[in-house]
Each structure stands twice: as structure tokens, then as C-alpha cells.
Amino acid sequence: MVDEEIVVDKLRHINEYTEDLKQMRGMSKDKYVNDVVIQRAVERTLMNLIQSCIDLAQHIRAAENLSPSGTSKKEIEALGDAGIISDETQARMEEAVGFRNILAHRYGDVDHDIVYDVLHSDVHWFEQFQQAVAQWFQDRDAT
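With the numbering used here applied, the sequence shown covers 1 to 143.
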């Protein structure tokens, strides 16, 4: 059974991290690329945001007895397969999981231009994920 407290807590974290990232927007790419403190703040917030999405997906997958667990991408895939999130949101969130692995484990050098672009053009996918899960949870509780 899905634990309401866990779902609400993870949705709150996703919202907070998303809002934090929105506040970090607006600087020029040149300023971002040359400011290691800002880079670290953005990267850490992105990692926390993506991990919160994974944790939420994992909880729902396990509680709802969806497909077997596996990788973090499989946790996201389970929500897509169950119709909780759209195919497009699923694909973007799976990409985010790979991106988190790059940031967290420093596979090669982090491309700060890419991180800047994610900050300015991809944050809405996390909002889509959050809204879809919240809607599913609300609809589920209503029945």
C-alpha cells in the first residue's frame, strides 16, 4: 500500500528543488560556466531532485506491486508502464537518471554548457512528473 506520508514528502521535495533551480536561472551562460560555486549548487540540486523522483517512483512501484525492481531507470519505467506518467515524461525522466549518474559519479568531465541548458530548458519535466504522480495519487485516493 502506498504510504501517503512518503508520497507527500517526496512531492514536496521535488517541488522545493524545482523552485530552487528556477531561482538559479537568469545568469548568462558565461557567468555560469566560470562560477564553480554556482555550478556546484545547480549540480547538487539537480542530483537531489532526480534522486527524489527515483525514490518516489521506487516507493510507488514497490507499494503497487508493479514490475520487478532493477535499475533507477526501471523504477521510472514502471510508472510509465502503469500509466502514471506519460511516455514522454517517462523518457525524459529516464534521461534525467542517466544525467544524475554523470553528475554524481563524475563519469568524465561534467559539461557545464549541458548543465546550464538543462537548468534553463528541462526543469519543467520534473514539474510534469510531480503533477502526474500527484494527480494519480489524488485520483487513487478518491476511488
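Positions of the beta carbon are idealized from the N, C-alpha and C atoms, including for glycine. This one's a predicted model, so the numbers in the text were calculated from it and none came from an experiment.
Taking ILE54 as reference, the option from HIS120, ASP109, LEU21, MET93 with the minimal CA-CA separation is MET93. The criterion of a C-beta distance shorter than 8 Å is not satisfied by GLU19 and VAL115. Closest by C-alpha distance to HIS59, out of ILE6, ARG140, GLN135, is ILE6. Its Cα nearest to that of LEU49, the residue LYS10 stands out among GLN90, LYS10, VAL2.
Counting only unbroken stretches of 4 or more residues, the alpha helix (DSSP H) elements lying wholly within the region 52 to 122 are 72 to 81, 87 to 105, 112 to 121, in sequence order. Note on geometry: alpha-carbon atoms of LEU103 and ARG40 lie some 10 Å from one another.
Distance check between VAL8 and each of LEU66, SER69, ALA134 places ALA134 closest, using alpha-carbon atoms only.
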